[in-house]
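There are 4 protein chains.
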Amino acid sequence: MACTQYAYVKSFERDDRLLPNTWLVVRLDGQAFHQFSKAHQFAKPNDAAALDLMNACARSILQSYQDIVLAYGESDEMSFLLPPHAQIFRRREAKLVSTIASQFAAQYTFLWPQYMPNTTLQSPPVFDARAVVYPTVQNVRDYFAWRQADCHINNLYNTTFWTMVLDPKHPERTTREVEAILKDTNAAGKNEILFTQYDINYAHLPAMFRKGSTLFRTKTAVTETSRTTGEPVVRQRDVIQTTYDDLIGDAFWDAHPAILTVQAPRAAKLAKNGSDGQGMVHTKRAVIAHHAPDDQEELLQPDTS
Amino acid sequence: MACTQYAYVKSFERDDRLLPNTWLVVRLDGQAFHQFSKAHQFAKPNDAAALDLMNACARSILQSYQDIVLAYGESDEMSFLLPPHAQIFRRREAKLVSTIASQFAAQYTFLWPQYMPNTTLQSPPVFDARAVVYPTVQNVRDYFAWRQADCHINNLYNTTFWTMVLDPKHPERTTREVEAILKDTNAAGKNEILFTQYDINYAHLPAMFRKGSTLFRTKTAVTETSRTTGEPVVRQRDVIQTTYDDLIGDAFWDAHPAILTVQAPRAAKLAKNGSDGQGMVHTKRAVIAHHAPDDQEELLQPDTS
Amino acid sequence: MACTQYAYVKSFERDDRLLPNTWLVVRLDGQAFHQFSKAHQFAKPNDAAALDLMNACARSILQSYQDIVLAYGESDEMSFLLPPHAQIFRRREAKLVSTIASQFAAQYTFLWPQYMPNTTLQSPPVFDARAVVYPTVQNVRDYFAWRQADCHINNLYNTTFWTMVLDPKHPERTTREVEAILKDTNAAGKNEILFTQYDINYAHLPAMFRKGSTLFRTKTAVTETSRTTGEPVVRQRDVIQTTYDDLIGDAFWDAHPAILTVQAPRAAKLAKNGSDGQGMVHTKRAVIAHHAPDDQEELLQPDTS
Amino acid sequence: MACTQYAYVKSFERDDRLLPNTWLVVRLDGQAFHQFSKAHQFAKPNDAAALDLMNACARSILQSYQDIVLAYGESDEMSFLLPPHAQIFRRREAKLVSTIASQFAAQYTFLWPQYMPNTTLQSPPVFDARAVVYPTVQNVRDYFAWRQADCHINNLYNTTFWTMVLDPKHPERTTREVEAILKDTNAAGKNEILFTQYDINYAHLPAMFRKGSTLFRTKTAVTETSRTTGEPVVRQRDVIQTTYDDLIGDAFWDAHPAILTVQAPRAAKLAKNGSDGQGMVHTKRAVIAHHAPDDQEELLQPDTS
């Protein structure tokens, strides 16, 4: 083959599989979205349609990859969670981040006319992505708490900022002046400004803006038509839900325990003794045939020496 | 800040900067494009409009990133070359592959109606990407030779295959039968079949199909209107060219020496003595202020001991 | 400084810190120890003094690094376990493996005369080392089960092999013949040969040979002389124990629960409010009780929207 | 096999092969050598015997590994250079750094009595090691210039410092006072102090102290006894030389061009047609003359389209 003498260049590729038996988070972030949102006249501080479009793209990713169990989005970023047993793309990092970023950006472009019917897309958006490995459920919980706290802080700031900038009573006020006013306020101070000066109760603003969006699968009763009888039947199906819940406390996670439950990989389900009831994953174990473990039995016998 | 107690999760991110002073290749590959091309009824064995669309996406990448000096595409894949002095995204691997894959797929979706006016895009395409590090010019040359040899082999096979499958004289012939016939032929054998049975001189088929597409910048004389005088003036500008040249021999590279020339990084241009005339890159050196190298001078004096 | 213009070469060093909040195993392996043991006439199939020397080297490593909680050795290999909170060498991989391999080999050379008084060391031994990252306690348990099962299999084979090779009733028997006989036997078969032909009950052989050696710290009552009163006092001290216990079942781990207990990192204990003003650090914040700062409280309030 | 169910833990090991076709530097550094040198009463500012011992250890490494072409040492550190074609340990990083650090420290312990006959080794030394990848010859040259400049700066400082501290005319002078005096001197100032106050011409001090030590192989005429005739014959053999040359200028490298010459890997020399039937391997195919296989010839034919 003509390729043979050049094929050695393939040996420069690195094996970039992420550590087995760990949680993976893939976070997408819009590039130059300040400019993008300005060019397409997004509403300030939040454009509900643009956020809905982000969520629709996330939904398409969840639909494509069963291995992704949750998405959390705020502003122009979206995080995807994969459990320790996920084997998607053999956990290769470059493949994972490039595929998800690629599909997300293409879907954003594809779905734009549906969510932004009155605005022409001038140029397609670009998202970068990174993968981060987390060993424990607590790390994962803290990750989403980190992103949601970030959402809260940014949104409280932006809401106060834009309310003051767009204040019709102060048409002369510059963005720089508002920045100066807000620089030394804490959360309580911003709530106070909104409430006393603008009669806005921050806690009553849409949860999507304050909490960000969370997408995940739930078993839901769905009425379908039986193929055999033609009668309507109710079946339990995985349905992707979008909520704007608090992710920092326990309530959300307690209500949806399946999200943080680690399962044995599919192959393991077939193996008789592949389950260990300890919430851990038999990453490779599961796929190995258990040939007559006679030596093993012996090792487990009481030691009589 | 509310984020503080969770921000530790950021410490799990890995520094994934690619080795300084090396050539980088980012290769994109379409996912499930067999299915995608079938669903959108691409012409067989080559769809010129679909290849033009690929090239248009590559062009948008070259336009966005001055650090990319060449793109080479065949079928549903596209490779981008970055020189040792490229500092794009601080050479972070995940950022690099996700951004390029994202922009490419979004552009593909965005430009589809322009290149495929008679076919509705059913769902957007997905591309994965990987980055490979090459230390030498010879490795880079061999990389592109590898991809072009791959293009040649696949295209010769596909051209022969589809010519035989679509042969109106043999409407009964199955794809499996054609595969069986071609299994043991070499390149000469396939050329022979095309020439004697179908009167096709393979070498006369479009170069885009046989050689793939190469995009790169050339200094080109461009007539512009002078801002000061309003008169037409001829200026040398970087223009992105698309060719279908042979990349295995020396001719292309000799004709465009700038592509494989390593430049000192921008910062180095400012430093007086930052250039060494040896075709190497002062990756960090360039950015360090040269404080009075008095100790150094001494070291370089003849040793009198 | 004379170094300045060259110091850029330091930027080619890679950040090789291992994933935070994971178990680390460093496994050392003797190089060419078949030859080394032959040159120094080690007893076959096991040389107790040579194994004691290995254990003495492991003990010196445990004494040097508080972050290492367990060592397990068999034949010419030794594994060290570090818990998720270990910050030794900032978890840099090259530093970790090179330091431990270096100290181990140097100690082996240094302690040789004490353990092998009648044999001159001809040339010092060499050990390589690798670091492996394990996310869960189950993975760690399985790691040590893997090594101990390996010890068992090798030792049962070697014991049978050397007993047959050195059998005075069959002086003509070659090692090749013995290999051929043993090739198709399982564990029961080898036990049977030892018992019926040589009157050896394998289970009664020294546990160090059959199980390998385990070193770890235990709180032990130690009688010391009080500095103030000069009287003997009994104090709880960390003492390094060497045992030859089974590591596959639960008994050992249940008896020594401290080994697999994850602690908060030292830095966190010192910091009053968990903040360090330096960025990352709190690798294991997850296991620390969270004092809620002000923005946080707000987030945790019931959502009234 | 008993191991089977646990062997999955091996899948957590990472492929850590360093980039093919690049220069590798492995740098060893003594741990806590300030303390070690004090405990063993090393002469100040330089202990010639201790440096000779370092060089003897480096020599043992060069003798063991043909793939190492140069060692450079100063103080308690030693750097080893491996060329792009080096395949030692399949270029696995952990194996490389741990093996070299291990052998070096064990040799140091082993050879101690020979180099330090009057001092008892109290505890063995420890060295850590790191591997750094350099793509170009210029980077390699700059690396050794960096280390030698470091040697020069440190040695000039230490020589001046200890000369002043040990000055019998100023027995009352503390190390702190000398530090204060030297803080603001440059190289010329330190030379001046040595020359005017102590009549020491720094350039006349031993080159080993000022330049560090360089070890490498040279083809040297060696007189041997012919095995066939029993007569003395002169043969060209690789002999390891130790020099204290300047590595910053060109003279050393021009005089020993073999050190920085890249060779085709051994495997390639053996293979007739460059094919090995095993997949990757031909890391350095690039530097081998290409025999054109049949498809290839066709590609190289003039394009007639």
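Residue numbers (our numbering), protein chains in the order written: chain A, 1 to 305; chain B, 306 to 610; chain C, 611 to 915; chain D, 916 to 1220. Heads up, the beta-carbon is just placed ideally off N, CA and C, and yes, glycines get one too. For clarity, every value in this text was computed on a predicted model and none was experimentally measured.
Assumed close pair residue i, residue j - CB separation to whole angstroms, cut-off 8 Å
| i | j | result |
| --- | --- | --- |
| Ile-545 of chain B | Gln-368 of chain B | 7 Å |
| Thr-243 of chain A | Thr-214 of chain A | 5 Å |
| Thr-414 of chain B | Phe-110 of chain A | 5 Å |
| Ala-1064 of chain D | Ile-1163 of chain D | 7 Å |
| Asp-245 of chain A | Lys-219 of chain A | The pair is not a contact, with the Cβ atoms about 18 Å apart (cut-off 8 Å). |
| Arg-173 of chain A | Met-164 of chain A | 7 Å |
Chain C residues whose Cβ lies nearer than 8 Å to that of residue i
| i | result |
| --- | --- |
| Tyr-1049 of chain D | Val-619, Phe-622 |
Proximal residues to residue i (C-beta, below 7 Å), its chain only, five neighbours per side dropped
| i | result |
| --- | --- |
| Thr-465 of chain B | Leu-487, Lys-495, Ile-498, Leu-499 |
| Leu-19 of chain A | Val-133 |
| Arg-820 of chain C | His-762, Asn-765 |
| Ser-885 of chain C | The pLDDT assigned to Ser-885 of chain C is 34, lower than 50, so where the model puts this residue is not dependable; a value taken from the coordinates is nonetheless given after this. Within the same chain, Ser-885 of chain C has no close Cβ partners at all. |
| Asp-142 of chain A | none |
| Arg-929 of chain D | none |
| Arg-974 of chain D | Leu-1130, Ile-1155 |
| Tyr-980 of chain D | Ile-1003 |
Within chain B, the residues that residue i reaches when beta carbons sit closer than 7 Å
| i | result |
| --- | --- |
| Asn-936 of chain D | Pro-440, Thr-441, Asn-444 |
| Val-97 of chain A | Ala-399, Val-402, Ser-403 |
Same chain only: Cβ atoms within 8 Å of residue i, ignoring 5 sequence neighbours per side
| i | result |
| --- | --- |
| Met-421 of chain B | His-345, Ala-354, Ala-355, Leu-358 |
| Thr-225 of chain A | Glu-231, Pro-232, Val-233 |
| His-866 of chain C | Phe-826, Thr-828 |
| Asp-1073 of chain D | It should be noted that the sequence gives Asn, not Asp, for residue 1073 of chain D. Lys-959, Pro-960, Asn-961, listed in sequence order. |
Where the alpha helix (DSSP H) containing residue i begins and where it ends
| i | result |
| --- | --- |
| Arg-1045 of chain D | Here Arg-1045 of chain D belongs to no alpha helix (DSSP H); instead the beta strand (DSSP E) covers 1042-1049. |
| Val-9 of chain A | Careful: Val-9 of chain A lies outside any alpha helix (DSSP H) and carries neither H nor E. |
| Ser-733 of chain C | It is not in any alpha helix (DSSP H) - Ser-733 of chain C carries neither H nor E in the DSSP assignment. |
| Ala-71 of chain A | Taken as a continuous stretch (DSSP letters only), Ala-71 of chain A belongs to no alpha helix (DSSP H), being part of the beta strand (DSSP E) at 70-74. |
| Val-137 of chain A | 137-165 |
Bounding residues of the beta strand (DSSP E) (the contiguous stretch that carries residue i)
| i | result |
| --- | --- |
| Ile-850 of chain C | 842-853 |
| Lys-1098 of chain D | Unbroken run through Lys-1098 of chain D: none, as it is neither H nor E. |
| Thr-218 of chain A | 213-225 |
| Arg-1088 of chain D | Run containing Arg-1088 of chain D: none; DSSP gives neither H nor E here. |
Check whether residue i and residue j have beta carbons under 7 Å apart
| i | j | result |
| --- | --- | --- |
| Leu-333 of chain B | Ala-406 of chain B | yes |
| Tyr-987 of chain D | Phe-1059 of chain D | yes |
| Ala-94 of chain A | Asp-184 of chain A | no |
| Val-126 of chain A | Gln-408 of chain B | yes |
| Lys-44 of chain A | Trp-162 of chain A | yes |
| Ser-888 of chain D | Val-707 of chain C | Nothing about residue 888 of chain D can be read from this structure; chain D reaches only from 916 to 1220. |
| Pro-113 of chain A | Thr-632 of chain C | no |
| Gly-212 of chain A | Glu-74 of chain A | yes |
Chain-ordered neighbours of residue i on chain B, where CB pairs are closer than 9 Å
| i | result |
| --- | --- |
| Asp-639 of chain C | Within chain B, no residue comes near Asp-639 of chain C; the closest Cβ sits about 27 Å away, beyond 9 Å. |
| Tyr-246 of chain A | Sequence check: residue 246 of chain A is Asp here, not Tyr. Result: empty, since nearest Cβ-Cβ is about 13 Å, beyond 9 Å. |
Cβ shell of residue i (< 6 Å), same chain only, five flanking positions each side left out
| i | result |
| --- | --- |
| Cys-917 of chain C | Residue coverage of chain C in this structure runs from 611 to 915, which leaves residue 917 of chain C outside it and unanswerable. |
| Leu-375 of chain B | Leu-386, Phe-521, Ile-564 |
| Gln-122 of chain A | Ala-39 |
| Val-445 of chain B | Trp-328, Tyr-439 |
| Arg-701 of chain C | Arg-627, Leu-628 |
| Tyr-507 of chain B | Asn-496, Leu-499 |
Beta-carbon neighbours of residue i, restricted to chain C and to distances below 7 Å
| i | result |
| --- | --- |
| Asp-320 of chain B | Asp-625 |
| Tyr-921 of chain D | Asp-752, Ala-755, Trp-756, Ala-759 |
Listed by chain order, chain D residues near residue i by CB distance under 8 Å
| i | result |
| --- | --- |
| Pro-734 of chain C | Gln-1018, Ala-1021, Gln-1022, Thr-1024, Phe-1025 |
Proximal residues of chain A, C-beta to C-beta of residue i below 7 Å
| i | result |
| --- | --- |
| Leu-436 of chain B | According to the sequence displayed, residue 436 of chain B carries Ala and not Leu. Chain A residues near Ala-436 of chain B: Ala-94. |
Amino acids of chain A, ordered along the chain, whose beta-carbon sits closer than 8 Å to that of residue i
| i | result |
| --- | --- |
| Leu-426 of chain B | Phe-110 |
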